[in-house]
Amino acid sequence: MYGSAYIDPNTQFEGYLAPGEDPALLAEFEARIAAGDKIEPRDWMPALYRKQLIRMIEQHAHSEIIGALPEGTWITRAPGFRRKLALMAKVQDEVGHAQLLYNAAETLGKSREDMINDLLTGKSKYSNVFNYPAMTWADSAVIAWLIDAAAIVNQLANSKGSYGPYSRALDRICAEESFHLKYGHDNVVFLATGTPKQRQMVQEALTRWWEPIMHFFGPPDNVSQHTEVLMRWKVKMDTNDNMRQMFLNMYVPKIWDLGLSLPDPDLRKNEETGKWEYTEPNWETFKQVINGHGPCNAERLAVRRMAEEKGRWVRRAILKENTPYAIPLS
Amino acid sequence: MEMTERHVMGLIEMLYKMADDQLIIGHRNSEWTGLGPILEEDIAFSSMAQDKIGQSLALYELLHELGEQDPDTVAFTRNAEQFHCCQLVEAPIGEFDFSIVRQYLFDQAEALRFEMLITSVYEPLAMVSRKFRGEIKYHVMHGKTWIEQLSKGNEESHDRMQQALNAVWPLALGMFEEGDYEKEIAEVHIFAGEKALQARWMETVVPFLSSCGLEIPAHSDAVLGGRKGKHSPELQPLLDEMCEVFRIDPSAEW
Numbered sequence: 061m062y063g064s065a066y067i068d069p070n071t072q073f074e075g076y077l078a079p080g081e082d083p084a085l086l087a088e089f090e091a092r093i094a095a096g097d098k099i100e101p102r103d104w105m106p107a108l109y110r111k112q113l114i115r116m117i118e119q120h121a122h123s124e125i126i127g128a129l130p131e132g133t134w135i136t137r138a139p140g141f142r143r144k145l146a147l148m149a150k151v152q153d154e155v156g157h158a159q160l161l162y163n164a165a166e167t168l169g170k171s172r173e174d175m176i177n178d179l180l181t182g183k184s185k186y187s188n189v190f191n192y193p194a195m196t197w198a199d200s201a202v203i204a205w206l207i208d209a210a211a212i213v214n215q216l217a218n219s220k221g222s223y224g225p226y227s228r229a230l231d232r233i234c235a236e237e238s239f240h241l242k243y244g245h246d247n248v249v250f251l252a253t254g255t256p257k258q259r260q261m262v263q264e265a266l267t268r269w270w271e272p273i274m275h276f277f278g279p280p281d282n283v284s285q286h287t288e289v290l291m292r293w294k295v296k297m298d299t300n301d302n303m304r305q306m307f308l309n310m311y312v313p314k315i316w317d318l319g320l321s322l323p324d325p326d327l328r329k330n331e332e333t334g335k336w337e338y339t340e341p342n343w344e345t346f347k348q349v350i351n352g353h354g355p356c357n358a359e360r361l362a363v364r365r366m367a368e369e370k371g372r373w374v375r376r377a378i379l380k381e382n383t384p385y386a387i388p389l390s
Numbered sequence: 027m028e029m030t031e032r033h034v035m036g037l038i039e040m041l042y043k044m045a046d047d048q049l050i051i052g053h054r055n056s057e058w059t060g061l062g063p064i065l066e067e068d069i070a071f072s073s074m075a076q077d078k079i080g081q082s083l084a085l086y087e088l089l090h091e092l093g094e095q096d097p098d099t100v101a102f103t104r105n106a107e108q109f110h111c112c113q114l115v116e117a118p119i120g121e122f123d124f125s126i127v128r129q130y131l132f133d134q135a136e137a138l139r140f141e142m143l144i145t146s147v148y149e150p151l152a153m154v155s156r157k158f159r160g161e162i163k164y165h166v167m168h169g170k171t172w173i174e175q176l177s178k179g180n181e182e183s184h185d186r187m188q189q190a191l192n193a194v195w196p197l198a199l200g201m202f203e204e205g206d207y208e209k210e211i212a213e214v215h216i217f218a219g220e221k222a223l224q225a226r227w228m229e230t231v232v233p234f235l236s237s238c239g240l241e242i243p244a245h246s247d248a249v250l251g252g253r254k255g256k257h258s259p260e261l262q263p264l265l266d267e268m269c270e271v272f273r274i275d276p277s278a279e280w
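These protein sequences, in sequence, are chains A and B. This note's numbering applies: residue 61 is where the first sequence begins, and numbers increase by one. This note's numbering applies: residue 27 is where the second sequence begins, and numbers increase by one.
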């Protein structure tokens, strides 16, 4: 699920060609991308391209494992065999995505261990949505439907990106995500058409999750030189606002069809422009959460840290020295 | 020999304990999701958990065909004293050493149990056993690979494996607690019985564990009672969690 390729608002870019980088190589690199070629691990690439991709793929990978936590707590509570089996398989897929993505980032020269360490120290981020609690079973249903749906919008765009291992990993991930989305949708439909208690649960969950969902694609992009360069290099494939519009267009009607309401009285499609109008979510909150002050940041990292601590003796007993070059899994 | 009521009761008793074992161990194994020592183990434990829960479902369906309630009702509405699982499967996941030793010892017994059941005269059970055997083969392989690597990894990991084995062994012996109808199900060739299974299991696990440099705990008494509804204090909280949503409204469709 879970990638969200917004550029961290804290990120500062320097010039996009590092000192000593050959403009002729850059021209060749850009020509290949413009022609639709994929860049492979051992090809020349600008340092900024490598850095931005590592950041993005790593953030996506972290989101998969951290995202397994709020949903994972519902595996042991899922009502009935059908849901229990489906949710187990879904969360397992997400962890599998992390495995694939850590590997894709490793092909760019950063080890999984270093990435996990940066996650634990807070140096590298994961998708903000997982800093919110999944309070009821219905929250897990809303996550599986709408967060996965939002992620698909994002990942389908990014799968057309220029870095081979990431783009191929995303093709595989999107195929699995589409099953998750069906699972989530089916789950929400059962709740929305179920008993009054079930309807209430799902409506409350949706209301809780609306702002995080609106945050999911990131704040409106600044029109900066860097955004422009990253889009030319096919690292960033579309603007945050465009992706949010695509999501709203596909899913708001489906949500309303189920008789559920969204906590934004101004949400409507402007038939003239074809665009959705909505109340801007609070971007200050978004920034606060990214910077570690969301309702669950501390808890998520504490759980991850505990797992890392408890597993250390196992890794020490079996793991070999890192090989310098990671063979792409995708 | 003709099947009497006692034979059917024996069959039902056996199916319940097998299904309950699978459900509870599957539930426990699923608790590793997100918490494994390496990502690959989150994935492996989740796979095994899915197989186990799937197997328990198949066994509850066999029970349903014999007149018991539907699988969701049976799994999600009973209290601890109505469960027939052994205490081995109830124990919390603990650290990875405990979980991996339990996984191997349990799955090796399951592999042998289902191999024996392939020739059961109760054809529906023989049929699912054939299917399960293919799945459990990989679970056993998983457990063996880890036990071997960790026993031979370094001093710390070796010590941990030995301590885990010491802790798990009496619980594991409790898997073979006999039921009230051992004679009946054996005489009509539904299942040769727990004693026969335990003998085969000992012949398999003892040489393997010894080859890993582990000592089998001597004078260890089996932890019994699970088959008769006597459980550790950990089972009821597990069930409370498992049934939390289902019990909001058992008549609702989820």
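All C-beta atoms in this analysis are idealised placements derived from N, C-alpha and C, irrespective of residue type, glycine included.
Quiz prompt | Any C-beta of chain B under 8 angstroms from that of Gln152 of chain A | solution = yes
Quiz item: At least one CB of chain A closer than 8 angstroms to the CB of Glu94 of chain B: is that the case?
Solution: no
Quiz item: Buried or exposed: which applies to Trp316 of chain A, given that a residue is buried once 16 or more other Cβ atoms fall within 10 Å of its Cβ?
Solution: exposed
Self-check item: Presumed contact (8 angstroms Cβ cut-off) between Gly156 of chain A and Ile69 of chain B, rounded CB distance
Solution: 6 angstroms
Quiz item: Are any of the Cβ atoms in chain B nearer than 8 angstroms to that of Ala165 of chain A?
Solution: no
Practice problem: Under 9 angstroms between beta-carbons, which chain B residues line up against Pro388 of chain A? List them in chain order, please. | Solution: The premise fails here: Pro388 of chain A is roughly 17 angstroms from chain B at the closest Cβ pair, so nothing lies under 9 angstroms.
Self-check item: Three or more C-beta pairs below 8 angstroms linking the stretch 180-193 of chain A and the stretch 93-103 of chain B
Solution: no
Quiz item: Does the count of Cβ pairs from the stretch 131-142 of chain B and the stretch 203-211 of chain B closer than 8 angstroms reach three?
Solution: no
Self-check item: Within chain A, the residues that Pro97 of chain B reaches when beta carbons sit closer than 9 angstroms
Solution: Gly140, Phe141
Practice problem: Indicate whether at least one CB of chain B lies closer than 8 angstroms to the CB of Ile135 of chain A. | Solution: yes
Practice problem: Mind reading off the beta-carbon distance from Leu308 of chain A to Trp270 of chain A? Whole number of angstroms is fine, and I expect it under 8 angstroms. | Solution: Not a contact, Cβ separation roughly 11 angstroms.
Exercise. With 7 angstroms as the limit, tell me which residues of the stretch 244-256 of chain A have their beta carbon closer than that to any beta carbon of chain B; keep them in chain order.
Key: Phe250, Gly254, Thr255
Quiz item: Residues bridged to Tyr223 of chain A by DSSP?
Solution: A:Ile99
Practice problem: Please confirm if Trp280 of chain B has its CB atom under 8 angstroms from at least one CB of chain A. | Solution: yes
Quiz item: Taking Cβ-Cβ distances below 9 angstroms as the criterion, which residues of the stretch 197-219 of chain A are in contact with chain B?
Solution: Trp197
Quiz item: How is Trp293 of chain A classed by DSSP in three states: helix, strand or coil?
Solution: coil
Practice problem: Measure the Cβ-Cβ separation of Glu180 of chain B and Ala91 of chain A and say whether it is below 8 angstroms. | Solution: Checking the sequence shown, residue 180 of chain B turns out to be Asn, not Glu. The answer is no: Cβ separation not under 8 angstroms.
Quiz item: So is Gln76 of chain B in contact with chain A if we call contact Cβ pairs under 8 angstroms?
Solution: yes
Quiz item: So with Cβ pairs under 8 angstroms, would you call Ala367 of chain A a contact of chain B?
Solution: yes
Exercise. Quick one: grab the DSSP three-state call for Arg104 of chain B.
Key: coil
Self-check item: Contact list for Leu176 of chain B against chain A, beta-carbon separation under 8 angstroms
Solution: Val374, Ala377, Ile378
Practice problem: Using 7 angstroms as the cut-off, classify the Cβ of Pro325 of chain A as near or not near the heavy atoms of the ligand SAH, replying yes or no. | Solution: Ligands displayed in this structure: none; no statement on the ligand SAH is therefore possible.
Quiz item: Any idea if Leu379 of chain A is buried or exposed, counting beta-carbon neighbours within 10 angstroms, 16 or more meaning buried?
Solution: exposed
Quiz item: Glu337 of chain A bridges to which residues according to DSSP?
Solution: A:Arg328
Quiz item: What did DSSP end up calling Ser72 of chain B once you bin it into helix, strand or coil?
Solution: helix
Exercise. Mind checking which residues open and close the alpha helix (DSSP H) that includes Phe190 of chain A?
Key: Per DSSP, Phe190 of chain A belongs to no alpha helix (DSSP H) and is neither H nor E.
Self-check item: Between the CA atoms of Met27 of chain B and Val34 of chain B - distance to the nearest angstrom
Solution: 13 angstroms
Practice problem: Pick helix, strand or coil for Asn70 of chain A, following the three-state DSSP scheme. | Solution: Confidence at Asn70 of chain A is low in this model, with a pLDDT of 49, below 50, so the placement of that residue should be treated as unreliable; the coordinate-derived value is given next. Reduced to three states, the DSSP call for Asn70 of chain A is coil.
Exercise. Could you tell me whether the stretch 35-47 of chain B touches the stretch 328-347 of chain A, where touching means 3 or more Cβ pairs closer than 8 angstroms?
Key: no
Quiz prompt | Where Glu166 of chain A falls, given that 16 or more other Cβ within 10 Å makes a residue buried | solution = buried
Quiz prompt | In chain order, each alpha helix (DSSP H) run of at least 4 residues that lies wholly inside the stretch 228-281 of chain A | solution = 256-275
Quiz item: What residue range is occupied by the uninterrupted alpha helix (DSSP H) comprising Ala137 of chain B?
Solution: 122-143
Exercise. Excluding the 5 residues preceding and the 5 following Lys84 of chain B in the sequence, name in chain order all residues of the same chain whose CB lies nearer than 7 angstroms to its CB.
Key: Looking at the sequence itself, residue 84 of chain B is Ala, so the reference to Lys does not match. These residues qualify, in order along the chain: Val154.
Exercise. Could you name the residues of chain B that Ala158 of chain A contacts, counting a contact when the two beta carbons are closer than 7 angstroms?
Key: Leu65
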